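Q:
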Amino acid sequence: MNLVRELEKDLRIANIICMNGRRHLTSSMNEVSRDLIVNSYSKEKQALLDLLPILAELQRALDMQSTLESLAEEGNYCKAFQVLSEFLQLLDSLSELSAIQEMTRGVEVWLGKTLQKLDALLLGVCQEFKEDSYITVIDAYALIGDVTGLAEKIQSFYMQEVISETHSVLKAVVYEDEEESLQNSRLTYSDLCLQISESKFRLCLLRTLAVLFELMHSYHEIMEFQLDRQDAAGQTSNKNNDDVSCSLGGAGEVDADVRIRSISFSSSGDEIHGSSSREESETASSLVETSNSTALPCTDSHDPDYDARKEDNAASSIESPWYHLRKEATEFVSQTLQRGRKNLWHLTTSRVSVLLSADAACTTSIHQFLKNYEDLSVFILAGEAFCGIEAVEFRQKLKVVCENYFIAFHRQNIHALKMVLERETWLKLPPDTVQMISFSGLVGDGAPLISMSNHKSINPSATDTDKSVNLVHSHNSSRKSGFSCWIQNGNPFLQKLSSPREGHCSSQSNGSPYGEHDGNSKRNFYGDKVLPGKNDSTQMNGANSISDDENEDLLADFIDEDSQLPSRSSKPNHPRRKSLHCNDEENTAQTGSSLSLLRSMDKYARLMQKLEVVNVEFFKGICQLFEIFFNFVFETFGQHNTVFNGKGSTDSLNYRLRTASSKITQDCDQWIKPPSSSPTSAFVHSEVTPASPPSTNLGNSAPTSLGLKERCVAVDTISLVARILNRSKAHLQSMLLQSKATVLEDFYQHLVDVVPDLAEHIHRTTARQLLHINGYVERVANCRWDVKELGLEHNGYVDLLLGEFKHYKTRLAHGGIRQEIQDLLLEYGLEIVAETLVEGLSRVKRCSDEGRALMSLDLQVLINGLHHFVSMNVKPKLQMVETFIKAYYLPETEFVHWARAHPEYTKSQIIGLIHLVATMKSWKRKTRLEVLEKIE
Numbered sequence: 001m002n003l004v005r006e007l008e009k010d011l012r013i014a015n016i017i018c019m020n021g022r023r024h025l026t027s028s029m030n031e032v033s034r035d036l037i038v039n040s041y042s043k044e045k046q047a048l049l050d051l052l053p054i055l056a057e058l059q060r061a062l063d064m065q066s067t068l069e070s071l072a073e074e075g076n077y078c079k080a081f082q083v084l085s086e087f088l089q090l091l092d093s094l095s096e097l098s099a100i101q102e103m104t105r106g107v108e109v110w111l112g113k114t115l116q117k118l119d120a121l122l123l124g125v126c127q128e129f130k131e132d133s134y135i136t137v138i139d140a141y142a143l144i145g146d147v148t149g150l151a152e153k154i155q156s157f158y159m160q161e162v163i164s165e166t167h168s169v170l171k172a173v174v175y176e177d178e179e180e181s182l183q184n185s186r187l188t189y190s191d192l193c194l195q196i197s198e199s200k201f202r203l204c205l206l207r208t209l210a211v212l213f214e215l216m217h218s219y220h221e222i223m224e225f226q227l228d229r230q231d232a233a234g235q236t237s238n239k240n241n242d243d244v245s246c247s248l249g250g251a252g253e254v255d256a257d258v259r260i261r262s263i264s265f266s267s268s269g270d271e272i273h274g275s276s277s278r279e280e281s282e283t284a285s286s287l288v289e290t291s292n293s294t295a296l297p298c299t300d301s302h303d304p305d306y307d308a309r310k311e312d313n314a315a316s317s318i319e320s321p322w323y324h325l326r327k328e329a330t331e332f333v334s335q336t337l338q339r340g341r342k343n344l345w346h347l348t349t350s351r352v353s354v355l356l357s358a359d360a361a362c363t364t365s366i367h368q369f370l371k372n373y374e375d376l377s378v379f380i381l382a383g384e385a386f387c388g389i390e391a392v393e394f395r396q397k398l399k400v401v402c403e404n405y406f407i408a409f410h411r412q413n414i415h416a417l418k419m420v421l422e423r424e425t426w427l428k429l430p431p432d433t434v435q436m437i438s439f440s441g442l443v444g445d446g447a448p449l450i451s452m453s454n455h456k457s458i459n460p461s462a463t464d465t466d467k468s469v470n471l472v473h474s475h476n477s478s479r480k481s482g483f484s485c486w487i488q489n490g491n492p493f494l495q496k497l498s499s500p501r502e503g504h505c506s507s508q509s510n511g512s513p514y515g516e517h518d519g520n521s522k523r524n525f526y527g528d529k530v531l532p533g534k535n536d537s538t539q540m541n542g543a544n545s546i547s548d549d550e551n552e553d554l555l556a557d558f559i560d561e562d563s564q565l566p567s568r569s570s571k572p573n574h575p576r577r578k579s580l581h582c583n584d585e586e587n588t589a590q591t592g593s594s595l596s597l598l599r600s601m602d603k604y605a606r607l608m609q610k611l612e613v614v615n616v617e618f619f620k621g622i623c624q625l626f627e628i629f630f631n632f633v634f635e636t637f638g639q640h641n642t643v644f645n646g647k648g649s650t651d652s653l654n655y656r657l658r659t660a661s662s663k664i665t666q667d668c669d670q671w672i673k674p675p676s677s678s679p680t681s682a683f684v685h686s687e688v689t690p691a692s693p694p695s696t697n698l699g700n701s702a703p704t705s706l707g708l709k710e711r712c713v714a715v716d717t718i719s720l721v722a723r724i725l726n727r728s729k730a731h732l733q734s735m736l737l738q739s740k741a742t743v744l745e746d747f748y749q750h751l752v753d754v755v756p757d758l759a760e761h762i763h764r765t766t767a768r769q770l771l772h773i774n775g776y777v778e779r780v781a782n783c784r785w786d787v788k789e790l791g792l793e794h795n796g797y798v799d800l801l802l803g804e805f806k807h808y809k810t811r812l813a814h815g816g817i818r819q820e821i822q823d824l825l826l827e828y829g830l831e832i833v834a835e836t837l838v839e840g841l842s843r844v845k846r847c848s849d850e851g852r853a854l855m856s857l858d859l860q861v862l863i864n865g866l867h868h869f870v871s872m873n874v875k876p877k878l879q880m881v882e883t884f885i886k887a888y889y890l891p892e893t894e895f896v897h898w899a900r901a902h903p904e905y906t907k908s909q910i911i912g913l914i915h916l917v918a919t920m921k922s923w924k925r926k927t928r929l930e931v932l933e934k935i936e
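Numbering (UniProt numbering), first residue to last: 1 to 936.
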């Protein structure tokens, strides 16, 4: 039992122990459970504590992203790129987070949009230079480390602007109607040039040159911009002072990711805004307003000493690294633009060259063309000063344009002269009609067309010609002093657009003239419609009155007959130098055709002064005008040879006339077409009347319509033209280059100096047609000369010949010509009588010694009879007949020497004489053949 009780006691104790152990285990389990809960909360707390810095960085990234958006909207690109540098560094440190990857994609989109806005601002700077905007762009690109890309982009933008602006200007002028413009918006620049009308060409040219000059102006401003000439402390904006307060690493270097991303988005920014949507540069002006109020620190907390350091940085900004970074960037851009300005000038000239290829450039009036030429000359001088080289290709293009215009202009004048010649009646004009007409441009003793005085400034109210001329002379040294001289004087083409004397004047809605602008507004060269203006007809007095007359001389032929403009004859007579006007003899020798010819040649001489680049062509035009006049007079009043019954010729053209005729045919083959019926052929066998009806057209007139008086007037007229040309030789030679002097000498030697020969030829032809003795050649030849005895009576043809000469003198006396011309024609008549006798005697087949004596008798009777009709000594004029008769008595060995000593006889006459002598004196056949062979 004791064992049982002990066992029971032990079991109770064990039970108590178990219960206590169970209670302790339960308590320990509860404690362990509580410890585990505390431990789990502690880990969670630690994890949350470790997450707090990351969340803080994310919040900072969000704040930076918001700051980037606001800075980009405000235009503070410099500060934005500084914040971007820190933002990208922050994103790189948290690159493993998915949220950061999303933010990275977002910052790439922001960077692309920001670069587009920055390029839009840069495009505005290229269109119109503004210093604040340019500094903003320079600072931004310097921060992202892409100054090279900036320089290339500026050049690319200017190339785009040249193309788009010229195209827009042309489209706005050609298609003023908005709907029509939209329909033709896809036309290329060259297609638009083909559609320019003559009335709009000058306006297109002026606006194109004006907009190109503005682009060169802006390019030059950027190229010449230097910080050394600026007050850097004053020019540095508050936002840049804030940037200086940042770390040097943030201002001088940017993370490579920014550079890579900026380059990748720059290509998309190059094509900002087409030519149809040009933004105004309000962004540049808003930059100045917003930058003063924008001050963002580099960290997320404000610096307590910020305001104090801001003033210190402004005072010492020249010494700051920021200033040196900006200076290096501007110098690099300037050097790059200096190297690339030739490319811009080449593109500029190529666009103008395409415009000058339009048909309207060569169909405009000479007045408008001269103004266009002066504007283009001014543009060339400005361009050469801009690019620093001579515009060889564009000058050659301008020369080609002038040559093309000359061809059309010359063709017009040729046809006008031919029309005047076809309607010429060869009647002298009244002296009152021509007494006030001068040819100062041709002779060179008139008022100069171009004033040589320099002007310091260009007066917009002055005449257009004077303005252009003053521009050319005031900028003769522009290439030495650079493009700055042109900028100081302003845009010369914009001033012409706003000038009331221009043929086209544009008005804005408020009535102000086109082109008038202030310094704060962007110039618009193509937005306004153009309205035709009135020509300013205000007369200028004093020193300019003579120049006005000279210019009107140049333009007189282009004034329509039905024009309402006042004629030159209604203007008051200004005192002019006596040498400018024709003398009394010249006043009485002018005809309608000669006056038209001289006015045309005077106009050509003036154009030689104006268009020096093609003055040789204009001189050749003068030559061709005179050649056509010379040829017309020759073909109308002259004849190539005189036919005696179709068997021979004794009056063929001399060498100088044949040379002149050949030269005219060579030079004017395209202008001279052989007529269907030559007036000359009708004159050969027709009688020249002493006078002709005053209103007779050459084309529809009878063969005898041009009488003696008209023929003499023609000779006087062409002699007058030759005298005026001789007076103008020195002046024309002074205008031609030394290398072209041979052209002038050739013209004067082969044409002008041949006029006396032509005058003699026409007078001889006139005398031959008035003296009807062509049939006397056969009468003399058919007389019996082989008589055995010499009688006291002369042959009957002598009396008949004297009767014809008497009628000839009567025709001359009643022909209405001057006495000296009558005497000259009488002298030529005597020579023709002598030639007729020699020709008739050379055709005699048989003659005895008594027959030769009869010939001498006939000659002596004829001489005695002619003394009653003429006052001069007749015998010298008929000496050749006596010499020919005496040659009958020469020995056979002397004939060759005699033939060579007397070139006045033709070969056929000498051969006829030898055949006659050989027959009558029974020469041997061998002797006759030897003599003939030596003579031939």
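The beta carbon of each residue, even a glycine, is placed where N, CA and C say it ideally should be.
Keep in mind the model is a prediction, meaning the values are calculated, not measured.
1) What separation, rounded to the nearest whole angstrom, lies between the Cα atoms of residue 937 and Ile911?
2) Taking Cβ positions, are Tyr158 and Leu118 nearer each other than 8 Å?
3) Considering only C-alpha positions, which residue in the set Ser70, Met64, Tyr888 and Val109 is nearest to Gln89?
4) With 16 other CB atoms within 10 Å as the buried threshold, where does Thr836 fall?
5) Near Ala61, which residues of its chain fall below 7 Å by C-beta distance, leaving aside the five closest residues on each side in sequence?
6) Grab me the residues of Lys602's own chain with a C-beta within less than 6 Å of its C-beta, minus the 5 sequence neighbours each way, in chain order.
7) Put Pro430 into one of helix, strand or coil per three-state DSSP.
8) Suppose you measure from the CA of Phe626 to the CA of Gly816; what does that come to, to the nearest Å?
9) Measure the CB-CB distance between Val392 and Leu356 and report whether it falls below 8 Å.
10) Suppose you measure from the CA of Ala361 to the CA of Ser350; what does that come to, to the nearest Å?
11) So, using beta-carbon positions, are Leu913 and Ser842 closer together than 8 Å?
12) With a threshold of 8 Å, are at least 3 pairs of Cβ atoms found where one atom belongs to the segment 161-171 and the other to the segment 133-152?
13) Give every residue of the same chain whose Cβ lies closer than 7 Å to the Cβ of Gln488, excluding the five residues on either side of it in the sequence, and list them in chain order.
14) Taking the continuous alpha helix (DSSP H) assigned at Leu201, which residues delimit it?
15) Between which two residues does the alpha helix (DSSP H) harbouring Glu74 extend?
16) Let me check understanding here. Comparing Cα to Cα, which of Tyr888, Gly490, Thr883 and Lys877 lies closest to Arg852?
17) Excluding five sequence neighbours on each side, which residues of the same chain lie with their C-beta closer than 6 Å to the C-beta of Arg340?
18) For Val420, count the other beta carbons within 10 Å of its own beta carbon; 16 or more makes it buried, fewer makes it exposed. Which is it?
19) Leaving aside the five residues before and after Phe747 along the sequence, list all residues of the same chain whose C-beta is less than 6 Å from its C-beta, in chain order.
20) Report the rounded CA-to-CA distance for Glu161 versus Tyr189, giving the unit in angstroms.
21) Between Ile832 and Met855, is the Cβ-Cβ spacing less than 8 Å?
22) Look at His807 and Val861 and say whether their C-beta atoms are less than 8 Å apart.
23) Does the beta-carbon of Ala813 have 16 or more other beta-carbons within 10 angstroms, so that it is buried, or is it exposed?
24) Below 8 Å on the Cβ atoms is my guess for Ala660 versus Val754; work out the distance and round it to an integer in Å.
25) Return the first residue and the last residue of the alpha helix (DSSP H) that Ala360 is part of.
26) Just how far apart, CA to CA, sit Gln226 and Val83?
27) Excluding the 5 residues preceding and the 5 following Val715 in the sequence, name in chain order all residues of the same chain whose CB lies nearer than 7 Å to its CB.
28) So, for Thr766: in the same chain, excluding its five sequence neighbours on each side, which residues have a beta-carbon less than 7 Å away from its beta-carbon?
29) Quick one: residues in its chain with C-beta nearer than 8 Å to the C-beta of Leu417, no 5 flanking neighbours on either side, listed in chain order?
30) Using the C-alpha atoms, what's the distance from Ser95 back to Ile54?
31) Assuming Cys126 and Leu170 are in contact, meaning their beta carbons sit under 8 Å apart, how far apart are those beta carbons, in whole angstroms?
32) My assumption, with CB atoms under 8 Å, is that Met880 sits in contact with Ala918. Please give the rounded CB distance.
33) Compute the Euclidean distance between the alpha carbons of Thr363 and Glu936, then round it to the nearest angstrom.
34) Output the boundary residues of the alpha helix (DSSP H) element that contains Gln860.
35) Spatial neighbours of Ala151 within its chain, please: C-beta separation below 6 Å, excluding the five flanking residues on both sides.
A: In brief:
1) What is shown of the chain runs 1 to 936, which leaves residue 937 out entirely.
2) Tyr158 places its beta carbon 8 Å or farther from that of Leu118.
3) Of Ser70, Met64, Tyr888 and Val109, the residue nearest in Cα terms is Met64.
4) Here Thr836 is buried: its Cβ has 16 or more other Cβ atoms, across all protein chains shown, within 10 Å.
5) Excluding the 5 residues flanking it on each side, Ala61 has same chain C-beta neighbours closer than 7 Å at Phe87, Leu90, Leu91 and Met103, in chain order.
6) Note on identity: in this sequence residue 602 is Asp, with Lys being the wrong assignment. Taking Asp602 as the centre and dropping the five residues before and after it, the same chain places the C-beta of Phe439, Gly441 and Leu442 closer than 6 Å to its C-beta, in chain order.
7) Three-state result, Pro430: coil.
8) Computed Cα separation, rounded: 28 Å.
9) Not a contact, by the Cβ cut-off of 8 Å.
10) Using only the alpha carbons, I get a separation of about 16 Å.
11) Leu913 places its beta carbon less than 8 Å from that of Ser842.
12) No: fewer than three Cβ pairs fall under 8 Å.
13) Hits under 7 Å: none found.
14) First, the amino acid is wrong: residue 201 is Phe here, not Leu. Per DSSP, Phe201 belongs to the alpha helix (DSSP H) from Glu198 to Glu224.
15) Going by DSSP, Glu74 is part of the alpha helix (DSSP H) stretching over Asn2 to Glu74.
16) Ranked by Cα distance from Arg852, the first of Tyr888, Gly490, Thr883 and Lys877 is Tyr888.
17) Per the sequence shown, residue 340 should be read as Gly rather than Arg. Answer for Gly340: Gln155, listed in chain order.
18) Only buried fits Val420, as 16 or more other CB atoms lie within 10 angstroms of its CB.
19) The answer, listed in chain order, is Cys623.
20) One C-alpha to the other measures close to 14 Å.
21) With contacts defined by Cβ atoms closer than 8 Å, Ile832 and Met855 do not form a contacting pair.
22) Against a cut-off of 8 Å, the Cβ pair of Val861 and His807 comes out as no contact.
23) When all chains shown are included, Ala813 counts as exposed.
24) With a Cβ gap of about 5 Å, Ala660 and Val754 count as contacting.
25) For Ala360, the enclosing alpha helix (DSSP H) starts and ends at Ala360 to Thr363.
26) Rounded to the nearest angstrom, the two C-alpha atoms are 28 Å apart.
27) Annotation for Val715: Ala759, Ile762 and His763 place their beta carbon closer than 7 Å to its own, counting only its chain and skipping 5 residues before and after.
28) Counting only Cβ-Cβ distances below 7 Å, and skipping sequence neighbours, we find Val688, Leu708, Arg711 and Leu825.
29) Short of 8 Å from the beta carbon of Leu417, and not among the five residues preceding or following it, lie these beta carbons of its own chain, in chain order: Ser593, Ser596, Leu597, Ser600, Leu625, Ile628 and Phe629.
30) Using only the alpha carbons, I get a separation of about 12 Å.
31) About 20 Å separates the two Cβ atoms, so there is no contact after all.
32) About 22 Å separates the beta carbon of Met880 from that of Ala918, a gap too long to meet the 8 Å contact definition.
33) Roughly 59 Å between the two C-alpha positions.
34) Looking at the DSSP string, the run of the alpha helix (DSSP H) that includes Gln860 is Asp849 to Leu866.
35) Around Ala151: Val333 and Thr336.
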